[in-house]
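Peer 1: Read in order, the letters of the sequence shown are residues 1 to 97 in full-length UniProt numbering. A virtual CB, placed ideally from N, CA and C, is assigned to each residue, including glycine. Remember, predicted model here, so these are calculated numbers, not experimental data. This structure is in structure tokens; I'll ask about it shortly.
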Amino acid sequence: MKFYIFSLFFVSSLFSMEEGPVLYNSCKFCHGINAEKTYVDLVPAIKDMDINTLNIKLKEYKKGTIDIYGYGPIMKQQMKNIPDDKISILVNYIKNL
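What follows is the structure, encoded as structure tokens:
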């Protein structure tokens, strides 16, 4: 039983590792391949953001409840294709770039 649970965890971790780059694909054009870009000298590099803050902001952008630096509509559009349950995978991928 322990092996089965470990196997499920391992497989789900691998799947998450594969999903990260796919989820981040459309982000890299503005935020950089390694999430290192400061966008138009206003938006700080997202790789340097606190993991909880990044998670909250991405969820708020998806809902359309924030509009930081006037990029709310763009971010809402970007986030619409990322399911709520995948945001944490995206955040973890960004933090490990």
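1. At what residues does the alpha helix (DSSP H) containing residue 26 begin and finish?
2. Can you grab the Cα-Cα spacing for the pair residue 61 / residue 27, in whole Å?
3. What first and last residue would you give for the alpha helix (DSSP H) that runs through residue 60?
4. Determine contact between the region 29-42 and the region 51-59, defined as no fewer than three beta-carbon pairs at a distance below 8 Å.
5. What distance in whole Å lies between the Cβ atoms of residue 46 and residue 89, which are believed to be in contact at a cut-off of 8 Å?
6. In the structure shown, what three-state DSSP assignment does residue 13 receive?
Peer 2: In short, the structure shows the following:
1. Run containing residue 26: none; DSSP gives neither H nor E here.
2. 13 Å
3. 51-63
4. no
5. Contact flag wrong, Cβ pair sits at about 15 Å.
6. Interpretation of residue 13 is limited by its pLDDT of 44, a score under 50 that renders its predicted location unreliable; the figure taken from the coordinates is listed afterwards. Here residue 13 sits in helix by DSSP.
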